[in-house]
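Participant:
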Ligand SMILES: C[S@@+](CC[C@H](N)C(=O)[O-])C[C@H]1O[C@@H](n2cnc3c(N)ncnc32)[C@H](O)[C@@H]1O
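In my numbering, the protein residues as written are 2 to 230.
(1) Confirm the yes/no value for this check: CB of residue 96, any heavy atom of ligand 1, distance under 7 Å.
(2) For residue 148, I'd like the list of residues in its chain whose CB is within less than 8 Å of its CB, leaving aside the five on either flank, ordered along the chain.
(3) Enumerate in chain order the residues of its own chain whose CB-to-CB distance from residue 197 is below 7 Å, with the five nearest sequence positions on each side excluded.
(4) In the DSSP assignment, find the alpha helix (DSSP H) that holds residue 44 and state where it starts and stops.
(5) Compare the C-alpha of residue 67 against each of 97, 76, 170 and name the closest.
(6) Do residue 62 and residue 140 come within 8 Å of each other at the CB atom, strictly closer than that value?
(7) For residue 37, count neighbouring C-beta atoms within 10 Å of its own C-beta (all shown protein chains included) and say buried if the count is 16 or more, exposed if not.
(8) Where does residue 48 sit, in a helix, a strand or coil, going by DSSP?
(9) Suppose contacts are defined by Cβ-Cβ distances below 8 Å. Is residue 154 in contact with residue 46 by that definition?
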């Protein structure tokens, strides 16, 4: 049994070495999760819900691998990262090698719809559907088809500016909130049960011409879901 306890700060530092996509595409919403947010999600999954250590994990829309690599660092049995963009998965492979988790990770260039199999845990920071409507729902549907426990990030149902201020003032990095009625129904209809919803801070640096700020701070909701079928 491979049980590793990694301090959150060390995990955050390690994840900051994961390099982003060298040629990000707006239509795929290729925003890399911050090391802090990734570490919060992974810590919650590993030590509150026991869904990482010794588990088979898949990261859908893995980008350059931050969530997948983090799960490998925390002691996942095997982690598969899937992304539609080959440039992202090549960079993820390079990042995994750099962080010494090449053995426990595999990278697949594919559309999320093509993924088959069954995994203990699904991690996903999907496109929120800003560029392509309903993009996150395709991911959620797939996650509920192939995974037992799911950690899925979505557009926050909270009023952004107010909540960003609240999060910045709070010591808590994950704030329990209510699910959006739409997602709650969608999850139920697809055989899932919500175990918890948490708001966390996200940041995106200026990347594309249509961005208006050097750094955009916003909140996203993490849905922790169990397959109930
Ligand atoms: C918001 S980014 C998140 C990247 C990474 N998981 C992270 O958190 O840093 C969403 C990712 O989903 C990928 N993606 C978008 N549509 C996809 C699809 N249909 N199948 C697989 N991956 C897809 C994008 O290429 C992008 O890397």
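Backbone N, C-alpha and C define an ideal beta-carbon position, used for all residues, glycine too.
Facilitator: Working from what's here:
(1) Here residue 96 is taken as the residue at index 95 of the chain shown, counted from 1. Incorrect: residue 96 has no Cβ contact closer than 7 Å to ligand 1.
(2) Position 147 of the chain shown, counted from the first residue, corresponds to residue 148. Hits under 8 Å: 59, 119, 120, 121, 122, 123, 228.
(3) As a first step, residue 197 is located in the chain shown; it is residue number 196 there, counting from the start. Contacts found: 177, 225.
(4) Here residue 44 is taken as the residue at index 43 of the chain shown, counted from 1. That run of the alpha helix (DSSP H) goes 36–44.
(5) Mapped onto the chain shown, residue 67 falls at position 66. Selected option, being the one with the closest Cα: 97.
(6) By one-based count along the chain shown, residue 140 stands at place 139. By one-based count along the chain shown, residue 62 stands at place 61. The answer is yes: Cβ separation under 8 Å.
(7) Indexing the chain shown from 1 puts residue 37 at position 36. The residue is buried, with at least 16 neighbouring Cβ atoms inside 10 Å.
(8) Along the chain shown, read from residue 1 onward, the residue named residue 48 stands at position 47. Correct three-state label for residue 48: helix.
(9) Taking the first residue of the chain shown as position 1, residue 154 is located at position 153. Taking the first residue of the chain shown as position 1, residue 46 is located at position 45. Contact flag unset, no.
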